[in-house]
Amino acid sequence: MSRYLKDDQIRKALNDEMEAVRLSEEQMERVIKRAQHVPWWEIELRIPWSAAAAALLLIAAIPIAGWLHLDRFEGEPSVLAQREKGQDSLIAMGGGLYLESELLEGWNDSDD
Amino acid sequence: MGAEQEMIDRLRSGDGSALRQLMERYGNEVLRTAVLLLRDRHLAEDVSQDVFIDAYRKINQLKADRSLRAWLIAMTINRCRERMRRASWKRLLFRERMEEEAGAAIGPGSEGWAVSATIQSIIMALPLRYREVIVLHYYQDMAIADIADTLDEPEGTIKSKLQRGRKLLKASLEEGGWRDEPLFEGRSNS
Numbered sequence: 001m002s003r004y005l006k007d008d009q010i011r012k013a014l015n016d017e018m019e020a021v022r023l024s025e026e027q028m029e030r031v032i033k034r035a036q037h038v039p040w041w042e043i044e045l046r047i048p049w050s051a052a053a054a055a056l057l058l059i060a061a062i063p064i065a066g067w068l069h070l071d072r073f074e075g076e077p078s079v080l081a082q083r084e085k086g087q088d089s090l091i092a093m094g095g096g097l098y099l100e101s102e103l104l105e106g107w108n109d110s111d112d
Numbered sequence: 001m002g003a004e005q006e007m008i009d010r011l012r013s014g015d016g017s018a019l020r021q022l023m024e025r026y027g028n029e030v031l032r033t034a035v036l037l038l039r040d041r042h043l044a045e046d047v048s049q050d051v052f053i054d055a056y057r058k059i060n061q062l063k064a065d066r067s068l069r070a071w072l073i074a075m076t077i078n079r080c081r082e083r084m085r086r087a088s089w090k091r092l093l094f095r096e097r098m099e100e101e102a103g104a105a106i107g108p109g110s111e112g113w114a115v116s117a118t119i120q121s122i123i124m125a126l127p128l129r130y131r132e133v134i135v136l137h138y139y140q141d142m143a144i145a146d147i148a149d150t151l152d153e154p155e156g157t158i159k160s161k162l163q164r165g166r167k168l169l170k171a172s173l174e175e176g177g178w179r180d181e182p183l184f185e186g187r188s189n190s
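Line order of the protein sequences matches chains A and B.
Position 68, counted from 1, in the first sequence is what UniProt numbering calls 68; the numbers after and before it change by one each time, with no gaps.
Position 112, counted from 1, in the second sequence is what UniProt numbering calls 112; the numbers after and before it change by one each time, with no gaps.
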């Protein structure tokens, strides 16, 4: 049989050739199984516009609030420095270590 | 159109039996299109499965003015392009191994060898830019406007691609024993 270069003949011959290529029952089953088990990373989430805007505002507000708070801390005297101020100091004398307040005990009274 | 709309509604409601119906109706078309574009049966099967899973999960993205068939074919083409891009990266990275595999795939006794010198093998040998339009025109029987819509390209581009693709296809078919249409077919038959 002659085969001519007519579109209809080409189309028919191509369709005849492709007839053997079929999506099997097994493949369909596999698709159905996969379609019904959606892994958590493929779940589509719909976030309302207002919620997304609120979350964005919050994210932007956190660093600003932190920066403002930090600025206030820097203005006040350090807590550690305040503690050190009220602490006793150690004095080494005659091979021993003594607290300054212990050495001064009684001396302050005798002044009176 | 009514039956198609009903299927779409059932898919939207998550009806698994509608997915089966969708595959029974369009499964072979999707698979054959993928085979012609990818030149690999196994990859084409993977692509077909992905297309139907996408269709089931993303049915809400189907526009009202688009047919289900055109949407599925567009998704098939996009998936095939993605696979081919991935394959070309792999080829670039593992050149030698890929060449060995390709050589083995079309050797005597293989599936590729069995279908050699057929229209499908001639189409498969065309460059991808022509292969897509040729498959849509000859296999999917689509008009130029529909091909342009599916590939998201201007009609003029599709026309010129189709013209060049047809020229290449016909030249290869002539080599394979196909003949030009006789001028006086009625007389030659008598």
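For every residue, glycine included, the Cβ atom is placed at its ideal position computed from N, Cα and C.
None of these values were measured; they are calculated from a predicted model.
Query                                                                                                      : Result
Reduced DSSP secondary structure (H/G/I, E/B, other) of Gly96 of chain A                                   : strand
CB of residue 215 of chain B within 8 Å of CB of Glu17 of chain A, strictly                                : Since the displayed chain B opens at 1 and closes at 190, residue 215 of chain B lies outside it and no answer follows.
Chain-ordered neighbours of Ser13 of chain B on chain A, where CB pairs are closer than 7 Å                : Under the 7 Å cutoff, chain A gives no residues; its nearest Cβ is about 14 Å from Ser13 of chain B.
Leu11 of chain B, DSSP secondary structure in three states                                                 : helix
Beta-carbon spacing of Leu72 of chain B, Val51 of chain B below 8 Å                                        : yes
Buried/exposed call for Ile59 of chain A, threshold 16 Cβ in 10 Å                                          : exposed
Glu82 of chain B versus B:Ile122, B:Leu128 and B:Gln61, residue with shortest Cα-Cα distance               : B:Leu128
Backbone CA spacing between Asp15 of chain B and Gln36 of chain A [nearest angstrom]                       : 10 Å
Continuous alpha helix (DSSP H) stretch holding Ala87 of chain B: start and end                            : Leu68 to Leu93
Residues of the segment 159 to 184 of chain B with Cβ closer than 9 Å to any Cβ of chain A, in chain order : Arg166, Leu169, Lys170, Leu173, Glu174, Gly176, Gly177, Trp178, Arg179, Asp180, Glu181 and Pro182
Contact check, Cys80 of chain B vs Val47 of chain B, beta carbons under 8 Å                                : yes
Below-8 Å beta-carbon distance, Ile32 of chain A vs any chain B residue                                    : yes
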